[in-house]
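Numbering (our numbering), first residue to last: 150 to 372. Report on the following structure.
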């Protein structure tokens, strides 16, 4: 999910941030309460396991999220809300949606945003408090205390060495082996595979080559 309320706001497609949240979550609540009202969406949600939130984390943030921060309905600025604001309101809505779906015996969703690929440290702190998993987590290598918390809580970190090699961090400097040795809950993930896939082997397997550190046997398929 790629949400940039500043773009929608500048084009006058949104009046406030609350409208963006309603556009995203209201149909999900309606499809949960009455699947017949949104048949295709209801079928689709049965196949969904989580929500991501993607943007350029290195963008400067104009404000911090605090008790003085405007509510979503009051956020009418052309500036994007901070990362923590996005994640908090996604967490709040997904949590309420999950409570409703649990009562109705439906599948539940996780929050697993892009986090720690770039940007300030507090992104990792926010996701530690509110997310079940994160994608990337490159900056954990620079903050041992936060990295240790991720280890203790076994919060999932999905890493994409090939994508990172092109965008942020040289392949040979990837912290993947270090995280693996330290016991963090890590996995390999595809990120922009159409851009970075370069072998017939599944992108997930082709994205790591750490000698004897990891041992697996990739299987070629024709699918």
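Even for Gly, the Cβ is constructed at its ideal location relative to N, Cα and C.
In this structure, DSSP gives residue 197 a state outside helix and strand, which the three-state scheme calls coil. Within a 10 Å sphere around the beta-carbon of residue 332 sit fewer than 16 other beta-carbons, which makes this residue exposed. DSSP places residue 285 inside the beta strand (DSSP E), whose first and last residues are 282-285. If you look at residue 302, you'll find it in the alpha helix (DSSP H) that goes 293-302.
Residue 179 and residue 259 have their C-alpha atoms some 19 Å from each other. Across the structure, residue 296 and residue 302 are spaced so that their CA atoms are roughly 10 Å apart. For residue 337, the pairing in a beta bridge is given by DSSP as 308.
By the neighbour-count criterion, in which 16 or more other beta carbons inside 10 Å mark a residue as buried, residue 231 falls on the buried side. The beta-carbon distance between residue 237 and residue 169, rounded to whole angstroms, is 14 Å. This is too long to meet the 8 Å contact definition.
Assigned with DSSP and collapsed to three states, residue 271 falls in helix. Excluding five sequence positions before and after residue 292, the CB atoms of its chain that fall closer than 8 Å to its own CB belong to 270, 273, given in chain order. Non-local C-beta neighbours of residue 240 in its own chain, meaning closer than 6 Å and more than five positions away in sequence, comprise 260, 279, ordered along the chain.
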